[in-house]
């Protein structure tokens, strides 16, 4: 049994889902077992950010309600473990510190969903609630993320300002000139002139909106909330200049929720 116990925690740390699922299928009692720090394989999976193994919690039925009450030797429950910063190898799977922070927030919120409310506010042996521990553990990542977002916003603000300046000037530079007697544009009845007017208006509105959004980012402080992902909206306006950045942000934002979607059943 001791050999099986060791073998169950190692794949939980490494993220070997197939091996662990097969092991638990053969020995279901392993989900109850704890390591030397009183952590189950589910707790270890949360610490090491292995979503596929964490999703096993949805396959063990009512047992999870008991397992999720376990605390380690420092009084940390499973939400505290989600509040700890992920191993660097897991953080490196996402490019950019802001997107790494976003992934950490997704994990934290997902674990909070499966526990009873009292565990969200429970203090560990050091008197820290999960939220307080999250803020402490991610302080450096938050600082770097804030700098990353503001540097990106500065670059995009420059582009937005240039575009706004050009389209604003274009609004007063009428193609084809005007009639000397009436003052009306010479191409007023041309479809191309209508298309130009509409395109110029849309460009002016979009660039002005982007400028305001980026100014808001530059003048605001970082908050540990998922709302910061809405910065993707104005950045999308400049996809032709910032496509790699937009691609990474879109992938991280819209694919993070898929991490915790259970696939086919592997145990029981």
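In the UniProt record's numbering, the protein residues as written are 1 to 268. The beta carbon of each residue, even a glycine, is placed where N, CA and C say it ideally should be. The structure displayed is predicted, hence computed values, not measured ones.
Continuous alpha helix (DSSP H) stretch holding residue i: start and end
i: residue 43; result: 41-47
i: residue 130; result: 130-137
i: residue 119; result: 117-120
i: residue 195; result: 191-219
i: residue 86; result: No alpha helix (DSSP H) contains residue 86, which DSSP labels as neither H nor E.
i: residue 25; result: 17-26
DSSP beta-bridge partners of residue i
i: residue 185; result: 178
Residue i, DSSP secondary structure in three states
i: residue 64; result: helix
i: residue 55; result: helix
i: residue 73; result: coil
i: residue 231; result: In this prediction, residue 231 has a pLDDT of 45, which is less than 50 and means its spatial position is unreliable; nothing more can be read from the coordinates.
i: residue 151; result: helix
i: residue 91; result: helix
i: residue 269; result: Here the chain has residues from 1 to 268 only, and residue 269 is not among them.
i: residue 108; result: helix
i: residue 96; result: coil
i: residue 146; result: helix
i: residue 140; result: helix
i: residue 5; result: Because the pLDDT at residue 5 is just 49, under 50, the model does not fix this residue reliably, and the value given afterwards should be weighed accordingly. If DSSP states are grouped into helix, strand and coil, residue 5 belongs with the helices.
i: residue 114; result: coil
i: residue 36; result: coil
i: residue 13; result: helix
i: residue 173; result: coil
i: residue 238; result: Note on residue 238: pLDDT 48, under 50, position unreliable in the model; the coordinate value appears next. Here residue 238 sits in coil by DSSP.
C-alpha distance - residue i paired with residue j, whole-angstrom precision
i: residue 218; j: residue 59; result: 45 Å
i: residue 14; j: residue 115; result: 24 Å
i: residue 136; j: residue 199; result: 48 Å
i: residue 132; j: residue 160; result: 38 Å
i: residue 209; j: residue 152; result: 16 Å
i: residue 33; j: residue 124; result: 21 Å
i: residue 22; j: residue 63; result: 18 Å
i: residue 147; j: residue 110; result: 26 Å
i: residue 9; j: residue 89; result: 18 Å
i: residue 42; j: residue 108; result: 14 Å
i: residue 174; j: residue 181; result: 16 Å
i: residue 99; j: residue 68; result: 28 Å
i: residue 35; j: residue 213; result: 49 Å
CB of residue i within 8 Å of CB of residue j, strictly
i: residue 144; j: residue 202; result: no
i: residue 19; j: residue 11; result: yes
i: residue 134; j: residue 86; result: no
i: residue 72; j: residue 16; result: no
i: residue 46; j: residue 81; result: yes
i: residue 142; j: residue 77; result: no
i: residue 79; j: residue 119; result: yes
i: residue 186; j: residue 197; result: no
i: residue 164; j: residue 211; result: yes
i: residue 215; j: residue 157; result: yes
i: residue 204; j: residue 167; result: yes
i: residue 138; j: residue 104; result: yes
Residue i: CB within 7 Å of a non-hydrogen atom of the ligand ADP
i: residue 33; result: What this structure holds is no ligand at all, so the ligand ADP is not there to describe.
CB contact below 8 Å: residue i versus chain C
i: residue 182; result: No chain C appears in the structure shown, which is made up of a single protein chain.
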